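Visitor: Just passing along the structure, written as structure tokens.
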Ligand SMILES: NC(=O)c1ccc[n+]([C@@H]2O[C@H](COP(=O)([O-])OP(=O)(O)OC[C@H]3O[C@@H](n4cnc5c(N)ncnc54)[C@H](OP(=O)(O)O)[C@@H]3O)[C@@H](O)[C@H]2O)c1
């Protein structure tokens, strides 16, 4: 039985991913700001669920993470899934800062802790939910695409570091396209996956220790197109 910590598992992809691990017989430690949703899963699966309610933009992330790791008695897999995105016509200071704090600072702080924890332990797995949006700048949500580019780039660097240091730590960069959650806003969505389907694919990719996974698979094609389309065309759509 493995111990899985998921930062941001109150709803959407994170909650479904927690359910995948529970159904596979593992123990999960889940977080988020909405305590009632954490409690809901704890009541449903009391022997397999531990919770810790906190905001990743606060200044006690490590204290909360340490508390949570103690509850199931350790950590084998760490998943950073908390994320926020908002579309504003103008460049909104508060939105840009909240997105950066949640998607970048919360991610890097907890992921560094997990990497060093697994280094001492001698093994572990790290995964984080980036996005296909990481491929290029996005004119609707500049801080969102930039934050996801940071995540994916950071995870690649960390993978190389683990290799050089000969650490038995595998790292998975999760890049979903559209997933039908409250975060997926706006018109013109396509290839939209249900959260359960997305979580199942993420679960399998982490189990197989994949370095990168596009969810669903065909989003790999869109990622390639986004990367390669010339800027004068991309600026009309991005
Ligand atoms: N849906 C999509 O189309 C899509 C596509 C690509 C990538 N993603 C990524 O997938 C991840 C999960 O998103 P989702 O689509 O499943 O949406 P969601 O249902 O809104 O889930 C977001 C999760 O992040 C947590 N979170 C947000 N702000 C937080 C904060 N300040 N402190 C702690 N936790 C926070 C939320 O918990 P609380 O609100 O309870 O705090 C929730 O558990 C995100 O990183 C998102 O960027 C989503």
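Residue numbers (my numbering): 8 to 245.
Backbone N, C-alpha and C fix where the C-beta goes; we use that ideal spot for every residue, glycine too.
Predicted model only: the values in this text are computed from it and were never measured.
With DSSP collapsed to three states, give me the class of residue 89.
Guide: Here residue 89 sits in coil by DSSP.
Visitor: Within the same chain, show all residues whose beta-carbon is closer than 8 Å to that of residue 44, passing over the 5 residues directly before and after it, in chain order.
Guide: Counting only Cβ-Cβ distances below 8 Å, and skipping sequence neighbours, we find 17, 18, 22.
Visitor: Report the rounded CA-to-CA distance for residue 188 versus residue 159, giving the unit in angstroms.
Guide: About 21 Å.
Visitor: State buried or exposed for residue 41, treating a residue as buried only when at least 16 other CB atoms are found within 10 Å of its CB.
Guide: Exposed.
Visitor: Please go through the same chain and pick out, in chain order, the residues whose beta-carbon is closer than 6 Å to the beta-carbon of residue 132, but skip the five residues on each side of it.
Guide: Counting only Cβ-Cβ distances below 6 Å, and skipping sequence neighbours, we find 84, 177.
Visitor: Hey, would you say the C-beta of residue 219 is under 8 Å away from at least one heavy atom of ligand 1?
Guide: Outside the cutoff, so no.
Visitor: Return the Cβ separation of residue 211 and residue 179 in integer angstroms, given the expectation that the two are a contact with Cβ distance under 8 Å.
Guide: Not really, about 11 Å apart at Cβ, beyond 8 Å.
Visitor: Taking residue 238 as the reference, which of 227, 207, 146 has the closest Cα?
Guide: Of the candidates 227, 207, 146, the one whose C-alpha sits nearest the C-alpha of residue 238 is 146.
Visitor: Shortest alpha-carbon distance to residue 128 belongs to which of 199, 49, 20, 175?
Guide: For the residues 199, 49, 20, 175, the minimum Cα distance to residue 128 belongs to 175.
Visitor: Going by beta-carbon coordinates alone, are residue 13 and residue 32 separated by less than 9 Å?
Guide: No. Outside cutoff.
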